[in-house]
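Heads up: the sequence shown runs through residues 1 to 370, numbered per full-length UniProt numbering.
Just so you know, even glycine gets a beta-carbon here, dropped at the ideal spot from N, CA and C.
Some notes on the structure that comes next.
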Amino acid sequence: MALLDDYLKDLAPLVNLDCGSHNPAGVTRAAEIMKGYFDSIGFTTELVDLGPEVGHGLIARNKPDADHIDVLLNGHLDTVFPDGTAAKRPLSIDGDHAHGPGCSDCKGGVLAAYWACKLARPEDLERLSICCAFNPDEEIGSGASHKWLASIGAKSKCALIVEAARANGELVRSRKGVGDYTVRFHGRAAHAGNNPEAGANANVAAMRFALAAYELADKKIGTTVNPGVIEGGTAPNVIPEEALVRLDTRYWFDADGDALDKQIRELASRTWVEGVTQELSASCGPAMPLSDATRALVEKINAAAREAGFEATWVDAGGGSDGNRIAKAGIPVVDGCGPAGAAFHTDREYLRLDTVEERIRMLVNFFKLC
1 MALLDDYLKD LAPLVNLDCG SHNPAGVTRA AEIMKGYFDS IGFTTELVDL
51 GPEVGHGLIA RNKPDADHID VLLNGHLDTV FPDGTAAKRP LSIDGDHAHG
101 PGCSDCKGGV LAAYWACKLA RPEDLERLSI CCAFNPDEEI GSGASHKWLA
151 SIGAKSKCAL IVEAARANGE LVRSRKGVGD YTVRFHGRAA HAGNNPEAGA
201 NANVAAMRFA LAAYELADKK IGTTVNPGVI EGGTAPNVIP EEALVRLDTR
251 YWFDADGDAL DKQIRELASR TWVEGVTQEL SASCGPAMPL SDATRALVEK
301 INAAAREAGF EATWVDAGGG SDGNRIAKAG IPVVDGCGPA GAAFHTDREY
351 LRLDTVEERI RMLVNFFKLC
């Protein structure tokens, strides 16, 4: 209990702080708090300016002059909550649960990374180059920090993302990549009763395209295509001139995502209705794949967990995280390495206190096995 008590003392100033993604000052303050913690154990720290729209990131290293990183620990400092939330819902304890904004997403994991470094054996700190990199904008897509994270990942042998484990304690060994497509259809308006033949129906083109794109999904390899948004038209008696389709795609491996991308672009180049043209814009992110190297990393964490007194269990997740961006460097990455929690982004968010010490011990043991 002594470790948990000290952990909660360190967690309180982080949770009792408004640090939504759009509050740069609050996020920077969270980075400063974590900087102070790492400074106290002799790590070299730096607040990283990632632009005026977001707070500062933080990097903490035990060997700042090393040209490589043996273990990268990543988490984020921002939350989704508006200013004033911390005052309304400060850190509270209810049995085995802690509550408060960001307690598990992701302040609990960020703090667990610090405690693992604090409790690491001196011989492991002497042998390993450990880096903790905490970004300020994960909840809004990491637009300002993704290049910074990728550059650190390129120097690393492996990465552990300290987002919360699932409510049942499961860690994440792979994540799907995500594609976001917007296709705009440009037709020709006309009166639907008097002269419909003079029009070119953008809605019909959009629907035909959306159905064809939907059929590209392949259950055998786990790819999905979701036409999540279809918009168009102004009135029932007007042939629609403009329409829009937004697609969400998911894939376990980048090669499958690339193949899907090629197919969607081909569909977007077709003529679906005579007189209707379309333009496509897309943003596709990398997968966090279950490679052979990742399987080996999973086995090390399994051994570290057993030494900490529990059996690690794993899930493959359809959603992305910063782990996907780091995995693009070609290194093995696993996620959900923080204490367990759930109800993220709500006032019911909680951190499972019975998992705090075991997950910290797991990370400490992992250092021993590297």
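Tyrosine 350 and lysine 118 have their C-alpha atoms roughly 24 Å apart.
Here the alpha carbon of tyrosine 251 sits roughly 30 Å from the alpha carbon of cysteine 370.
Given a length threshold of 3 residues, each whole run of the beta strand (DSSP E) inside the UniProt domain "Peptidase M20 dimerisation" (174-272) is given here in chain order: 177-186, 224-232 and 242-251.
In this structure the stretch 269-283 does not touch the stretch 308-321; the number of beta carbon pairs closer than 8 Å is below three.
Between glycine 42 and lysine 155, the alpha-carbon positions lie close to 22 Å from each other. Beyond the five residues adjoining it in sequence on each side, glycine 285 comes within less than 8 Å, by CB distance, of Gly177, Val178, Gly179, Gly320, Asn324 and Arg325 in the same chain, given in chain order. Rounded to whole angstroms, the gap between the alpha carbons of aspartate 5 and histidine 56 is 28 Å. Here asparagine 74 carries a strand assignment [DSSP, helix/strand/coil].
Between the C-alpha atoms of valine 27 and isoleucine 140 there is a straight-line separation of about 13 Å. Contact between the stretch 78-93 and the stretch 145-163 is absent: fewer than 3 CB-CB pairs across the two stretches fall below 8 Å. In the three-state reduction of the DSSP assignment, isoleucine 140 falls in the helix class, which pools H, G and I.
Residues His56, Gly57, Asn135, Pro136, Asp137, Ala144, Ser145 and Trp148 of the same chain have their beta carbon placed closer than 8 Å to that of leucine 50, with the five preceding and five following residues left out of the count. When the five nearest sequence neighbours on each side are left out, no beta carbon in the same chain lies closer than 7 Å to the beta carbon of glutamate 266. Selection Thr355, Phe185, Ala2 and Ala217 evaluated against alanine 205 yields Phe185 as nearest (Cα-Cα). In the DSSP assignment, threonine 44 forms a beta bridge with Arg61. Exclusion of the five residues before and after alanine 212 leaves Leu267 as the residues of its chain whose Cβ lies within less than 6 Å of its Cβ. With fewer than 16 neighbouring CB atoms inside 10 Å of its own CB, histidine 68 falls in the exposed class.
Of all alpha-carbon atoms in Ala133, Phe209 and Tyr37, the one lying nearest the alpha-carbon of isoleucine 264 is that of Phe209. The way I'd put it, the stretch 339-358 does touch the stretch 97-106; three or more beta-carbon pairs between them come closer than 8 Å. In the DSSP annotation of this structure, alanine 329 is not part of any alpha helix (DSSP H), being labelled neither H nor E. Taking a contact as a CB-CB distance under 8 Å, the pair glutamate 241 and arginine 295 does not count as one, their CB atoms being some 53 Å apart.
The residue from Phe253, Met34 and Glu231 with its alpha-carbon nearest to that of alanine 243 is Glu231. Taking threonine 355 as the centre and dropping the five residues before and after it, the same chain places the C-beta of Ala165, Gly169, Pro339 and Ala340 closer than 8 Å to its C-beta, in chain order. Ranking Lys300, Arg29 and Glu197 by CA distance to the CA of cysteine 19 puts Arg29 first.
In the three-state reduction of the DSSP assignment, asparagine 135 falls in the strand class, which pools E and B.
Taking the C-beta atoms as reference points, phenylalanine 253 is found no nearer than 8 Å to proline 227.
As the crow flies, the alpha-carbon of valine 172 is around 32 Å from that of valine 183. By the neighbour-count definition (other C-beta atoms within 10 Å, threshold 16), proline 236 is an exposed residue. About 4 Å separates the beta carbons of leucine 297 and proline 332, which is inside the 8 Å limit, making them a contact pair.
Between glycine 84 and valine 15, the C-beta gap is not smaller than 8 Å, which leaves the two residues out of contact.
Residues of the same chain with a CB within less than 7 Å of the CB of aspartate 10, apart from the 5 flanking positions on each side, are Tyr37 and Leu111 in chain order. Take the alpha-carbon of glutamate 307 and the one of asparagine 365: they are about 7 Å apart. Contact annotation: glutamate 163 and aspartate 335 have beta-carbon atoms nearer than 8 Å. Under the DSSP definition of a beta bridge, valine 172 partners with Val315 and Asp335.
Assignment of glutamate 307 by DSSP, reduced to helix, strand and coil, places it in the helix class. The C-beta of threonine 271 has fewer than 16 other C-beta atoms within 10 Å across all chains shown, which makes the residue exposed.
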